[in-house]
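Below is one structure, written out as structure tokens, with a few remarks after it.
Numbering (the numbering used here), first residue to last: 547 to 726.
Written as structure tokens, this is what we have:
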């Protein structure tokens with residue numbers, strides 16, 4: 547089946563999903579993070595076909611998310627590891643895992659427990675504000691238009707609505723300042 551490309555969309559999420567946006571890719575990245583770095587180990591652990599794994603690894607290497615290095619020359623065999631860009635995906639993968647633990651955990655219980663090396667304690671990944679450290683939740687986020695916001699595929703309606711909302715907020719501030 548042919549995947550739809552999001553590479554031309556004016557949306558950071560869509561463009562990121564164009565590279566990592568399928569379940570196999572996230573599972574491959576999880577396994578690389580967990581130390582499975584050999585092709586045959588990935589095939590065995592995931593139950594993925596060899597040709598699908600080859601395609602996904604090639605995509606990840608070509609996009610700088612995974613690094614490939616030869617560990618034998620005859621026969622030529624490669625090990626795989628996360629690049630710095632791939633390592634930056636680990637918190638997102640852990641957050642998705644935490645969501646799965648909450649909403650889709652296997653009946654037998656958690657398949658893995660993550661320990662924070664800094665404090666030695668088990669943890670559940672949470673997305674936190676980079677400014678104050680508070681937990682990010684759906685009801686506590688306001689979105690403003692960014693410098694790249696444009697009415698293009700991926701943000702056709704959103705860009706217009708965000709600009710309209712920002713203008714309305716500015717009008718309220720101006721009116722509020724004028725009556726005080």
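Think of the CB as a built atom: it goes at the ideal place given N, C-alpha and C, for glycine as much as any other residue.
Source: prediction; values computed, not measured.
Pairwise C-alpha distance: residue j and residue i
i	j	result
residue 585	residue 707	46 Å
residue 583	residue 703	42 Å
residue 699	residue 614	34 Å
residue 636	residue 713	37 Å
residue 608	residue 629	11 Å
residue 561	residue 606	14 Å
residue 672	residue 620	45 Å
residue 549	residue 719	45 Å
residue 665	residue 588	30 Å
residue 595	residue 579	20 Å
residue 711	residue 603	42 Å
residue 627	residue 693	34 Å
residue 553	residue 611	16 Å
residue 655	residue 715	47 Å
Collapsed DSSP secondary structure at residue i in the structure displayed
i	result
residue 630	helix
residue 618	strand
residue 561	helix
residue 707	helix
Range of the contiguous beta strand (DSSP E) that encloses residue i
i	result
residue 602	It is not in any beta strand (DSSP E) - residue 602 instead sits in the alpha helix (DSSP H) that spans 596 to 608.
Residue i - partner residues in DSSP beta bridges
i	result
residue 613	627
residue 662	667
residue 674	681
Limits of the unbroken alpha helix (DSSP H) element including residue i
i	result
residue 589	585 to 592
residue 551	Unbroken run through residue 551: none, as it is neither H nor E.
residue 577	569 to 579
residue 648	636 to 649
7 Å Cβ shell around residue i - same chain, five flanking residues per side excluded
i	result
residue 591	577 and 582
Neighbourhood of residue i by C-beta, 6 Å cutoff - its chain only, sequence neighbours within 5 removed
i	result
residue 705	695, 696 and 697
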